[in-house]
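J.: Okay, handing you the structure first.
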Amino acid sequence: MLTNNNNMRYPEAAEAFDRLLCIMDDLREKCPWDRKQTMDTLRHLTIEETYELSDAILDGDQMEVKKEIGDLFLHLVFYSKIGSESQAFDVKDVLDSIAEKLISRHPHIYGDTKAETEEEVKANWEALKLKEGNESVLSGVPGSLPALVKAMRIQEKARGAGFDWEEKEQVWAKVEEELGEFKEVFVGKELSSGQKEEAEGELGDLIFSLVNFARFIDINPETAVERTNRKFIYRFQYLEKKAKEAGKSLSEMTLAEMDVYWEEAKKSNAGKV
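Here is the structure:
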């Protein structure tokens, strides 16, 4: 059930949001830095803030998550303020637009459509987007997404349209097929420039199939790789620290010596990353 303005569910939140809007007005009028900003100058900062929120979520730091959400709220309000200055849109238009979109995309909540499962909800969502004018279910995937995230989103949207494997065993068979082809043709051989381009394509196919399998077993590959990145960084920096304490540089150590410290690092942060 939707509420109207005379029966607000969140009056304190509305008051806090109004306070932020008023502060944004002040900053835009009185602060030299804020006055100077455009959507283009804010864009890269917004991307940075989004990644900082991602880091906080991976760290499990709820207070940092709260802080980073606030930073993103500021950016969204900033864009809305700039939009209002050119009379293109204001924050009310933004909020009304997303509210109407959510209502229209959830007919199983605000209409008579039946959707009992997550998959049915996703299928309805993609079908509605096509009715709204999207030429392809994949047209909503941003072109600038990181490749691993984009692969996951492409596969999710294809599944929403009914194009997908039936069993995870089929997906794993595809992984093994791609791995076998790559190994047979490219592993252990000197590659010409033309073969490197071909190898790149085949490696892409292999990674894409691994992303597909990860999706089938409900693992986000971006999160998985980032956790491995963090693990490696911790262990490598531990190795650097121990080498320095021993009065050596890594280039002066044997692999066997480094492996001792590497194993220590694995034990010292087991389960923490």
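Numbering-wise, my numbering comes out as the position in the sequence shown, counting from 1, plus 2.
The beta-carbon is built from N, C-alpha and C at its ideal position, and this holds for glycine as well.
Predicted model, so just to flag it, every value in this text is computed and none were measured.
Is it true that the CB of arginine 237 sits closer than 8 Å to the CB of alanine 267?
T.: yes
J.: Mind checking which residues open and close the alpha helix (DSSP H) that includes tryptophan 167?
T.: Neither: tryptophan 167 is in no alpha helix (DSSP H) and is coded neither H nor E.
J.: Indicate the three-state DSSP secondary structure (helix, strand or coil) for methionine 255 in the structure shown.
T.: coil
J.: Within the same chain, show all residues whose beta-carbon is closer than 7 Å to that of phenylalanine 184, passing over the 5 residues directly before and after it, in chain order.
T.: Glu204, Leu205 and Leu208
J.: In three-state terms, what does DSSP make of lysine 116?
T.: coil
J.: Take leucine 55 and list the residues in its own chain whose beta-carbon comes closer than 8 Å to its own, dropping the five residues that flank it on each side.
T.: Val67, Glu70, Ile71, Asp73 and Leu74
J.: For a minimum of 4 consecutive residues, which ranges assigned as the alpha helix (DSSP H) are wholly contained in the segment 174-253?
T.: 195-218 and 223-247
J.: Looking only at its chain, what residues have a beta carbon closer than 7 Å to the beta carbon of glycine 162, apart from the 5 residues adjacent to it on each side?
T.: Correct list, in chain order: Lys124, Ala125, Trp127, Glu128 and Val139.
J.: Return the chain-ordered list of same chain residues with a C-beta closer than 6 Å to the C-beta of lysine 83, the five sequence neighbours on each side being excluded.
T.: If the five residues before and after lysine 83 are omitted, its C-beta is found closer than 6 Å to the C-beta atoms of Met26 and Arg30, all from its own chain and listed in chain order.
J.: Which word fits asparagine 136, buried or exposed, when buried means at least 16 other C-beta atoms lie within 10 angstroms of its C-beta?
T.: exposed
J.: Please determine if the segment 149-164 and the segment 209-229 are in contact, where contact requires at least 3 C-beta pairs separated by less than 8 Å.
T.: A contact exists between the segment 149-164 and the segment 209-229.
J.: Can you tell me whether serine 211 is buried or exposed, with buried defined as 16 or more other CB within 10 angstroms of its CB?
T.: buried
J.: Just how far apart, CA to CA, sit arginine 37 and proline 13?
T.: 30 Å
J.: Which one of Tyr263, Thr230 and Lys233 has the shortest CA to CA distance from glutamate 242?
T.: Tyr263
J.: Between which two residues does the alpha helix (DSSP H) containing phenylalanine 80 stretch?
T.: 64-87
J.: Inspect the beta-carbon positions of phenylalanine 215 and lysine 170 and report whether they are closer than 8 Å.
T.: yes
J.: Could you say which of Gly142, Met41 and Lys198 lies nearest to lysine 159 if we only look at CA atoms?
T.: Gly142
J.: Cysteine 24 lies in the alpha helix (DSSP H); which residues open and close that run?
T.: Element bounds for cysteine 24: 13-32.
J.: What residue does the alpha helix (DSSP H) around serine 99 start on, and which one ends it?
T.: 93-107
J.: Can you say whether phenylalanine 81 is buried or exposed, counting buried as having 16 or more other CB atoms within 10 angstroms of its CB?
T.: Going by the sequence as given, residue 81 is tyrosine instead of phenylalanine. Tyrosine 81 is buried by the Cβ-count criterion.
J.: What do you reckon, are the CB atoms on proline 44 and valine 79 nearer than 8 Å?
T.: Just to set this straight, residue 44 is leucine in the shown sequence, not proline. In this structure, leucine 44 sits away from valine 79, with a CB-CB distance that is not shorter than 8 Å.
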